[in-house]
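Chemist: Quick one: the structure is below, questions incoming.
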Ligand code: NAD
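Residue numbers (the working numbering): 15 to 362.
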């Protein structure tokens, strides 16, 4: 296998490219910042149309993990792997083992985990080659979605306290977009807390089940933005807060698990201008990565992991407070706090 270290790229600590003719592996590992600890971040396998797009994605995602891990108060920095290829057609054990060798080459500076196009089973194959793997299918922390949903639930409570001045979810209305792995667990928790649910999914069966089990009201996917609710919880797609949807929102709070909810950073300012409290996505959806990180304490301790995930509530309170004090958007305040956390260590 050919492994090439790139020259310095911006404020990234290391960028490594690998090419393995035998297995067909073509991958990039970007390590953004390891001041808080070794980089931890998932591996995305995607059919990028060219190498430049793959590099751009690796850099963007690795930086995002530095911020996410810092805000989640984890002793980890940020990194990411992208594998160039079709995860259905091109993935095979030889490619995964070659990927394991690439991770091992970094001698623990980076720990790999699953992401789009990879699975806990893939991580177990990589683990036969290197110990620097999280989120294993066997003996690990398992499916991260219930932990993510727990974090989103704690985050919604914090946002409700901030915006509606109550700690009680009874009678509050929440619209959940997407009843997948996270959305479903979130719906169950909110229903148990007495919230009134409105749900949308492109799969009707899921909505029917939610109607039956959680007394949820199904609404067509395209109408979810117009729902007259207290909380809008996006748990499906990115970029759903945009110029088209913003004027339609009736919710007082946007708080859900979806990644990259704001189409552009400025949409955070526009939410603020409309007095809609936004729980920054990378702060509220960190439950999964927190849970995975607890594999490192030896035997995985679910109780300790979930206690840490509960802290998402207080992290969000700190973000809301900073945003209020500086009169800035909550997404800008979240970035400030994350930067404080990893830059303070740089200065030390
Ligand atoms: P998932 O694929 O299990 O669920 C997504 C659901 O959204 C599916 O049921 C799908 O049918 C539905 N959906 C798709 N398009 C829709 C639309 N237009 N309107 C309504 N519903 C639609 O994914 P997931 O694991 O539940 O993750 C949900 C979101 O949270 C994603 O953005 C993911 O990146 C993010 N996230 C997930 C985790 C995790 O632990 N799973 C962690 C952090 C962030």
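Even for Gly, the Cβ is constructed at its ideal location relative to N, Cα and C.
#1: Assuming the contact rule is C-beta atoms closer than 8 Å, residue 191 and residue 242 should be a hit. Round their C-beta distance to whole Å, please.
#2: Apart from the five residues on each side of it in sequence, which residues of its chain come closer than 6 Å, Cβ to Cβ, to residue 57?
#3: Among the residues of its own chain, which have a CB less than 6 Å from the CB of residue 301, if the five just before and after it don't count?
#4: From the DSSP output, in three-state form, read off residue 82 for me.
#5: Taking 8 Å as the cut-off, is the beta-carbon of residue 251 closer than that to any non-hydrogen atom of the ligand NAD?
#6: Verify the contact flag: residue 7, CB atom, against every heavy atom of the ligand NAD, threshold strictly below 8 Å.
#7: Less than 9 Å between the C-beta atoms of residue 110 and residue 54, yes or no?
#8: Which residues does DSSP pair with residue 276 in a beta bridge?
#9: Pick helix, strand or coil for residue 27, following the three-state DSSP scheme.
#10: Using only CA atoms, which one of 245, 189, 288 and 86 lies nearest to residue 221?
#11: Where does the unbroken alpha helix (DSSP H) through residue 144 begin, and where does it stop?
#12: Closer than 8 Å by C-beta to residue 134: which residues in its own chain qualify, once you throw out the five before and the five after it? Chain order, please.
#13: Where do the ends of the beta strand (DSSP E) carrying residue 212 lie?
#14: Does the separation of the CB atoms of residue 406 and residue 37 fall below 9 Å?
#15: Hey, residue 174 and residue 267 are a contact pair by Cβ (cut 8 Å); roughly how many whole angstroms apart?
#16: For residue 210, which residues of its own chain have a beta-carbon under 6 Å away from its beta-carbon, when the five flanking residues on both sides are left out?
#17: Where does the unbroken alpha helix (DSSP H) through residue 333 begin, and where does it stop?
#18: Given a threshold of 16 other Cβ atoms within 10 Å of its Cβ, counted over all protein chains shown, does residue 349 qualify as buried or as exposed?
#19: Quick one: residues in its chain with C-beta nearer than 8 Å to the C-beta of residue 251, no 5 flanking neighbours on either side, listed in chain order?
#20: Looking only at C-alpha atoms, which of 167, 61 and 106 sits nearest to residue 138?
#21: Any contact of the stretch 193-212 with the stretch 227-236, i.e. 3+ C-beta pairs under 8 Å?
#22: Under 8 Å from any heavy atom of the ligand NAD, does the C-beta of residue 216 make it?
#23: Could you have a look at residue 234 and say whether DSSP puts it in helix, strand or coil?
#24: Does DSSP put residue 102 in a helix, in a strand, or in coil?
#25: Using 10 angstroms around the beta-carbon of residue 216, count the other beta-carbons present and answer buried if the total reaches 16, otherwise exposed.
#26: Would you kindly work out how many angstroms separate the C-alpha atoms of residue 61 and residue 101, rounded to a whole number?
#27: Alpha carbon to alpha carbon, how far is residue 357 from residue 343?
Modeler: In brief:
#1: Residue 191 to residue 242, Cβ: 15 Å. No contact.
#2: 95, 126, 129 and 132
#3: 161, 162, 164, 165 and 323
#4: helix
#5: yes
#6: This structure cannot settle anything about residue 7, because the visible part of the chain is limited to 15 through 362.
#7: no
#8: 255
#9: coil
#10: 189
#11: Run containing residue 144: none; DSSP gives neither H nor E here.
#12: 128, 149, 150, 151, 154, 156 and 157
#13: 210-214
#14: Here the chain comprises residues numbered 15 to 362, so residue 406 is not present and cannot be evaluated.
#15: 7 Å
#16: 187
#17: 326-340
#18: buried
#19: 191, 192 and 272
#20: 106
#21: yes
#22: yes
#23: coil
#24: coil
#25: exposed
#26: 8 Å
#27: 21 Å
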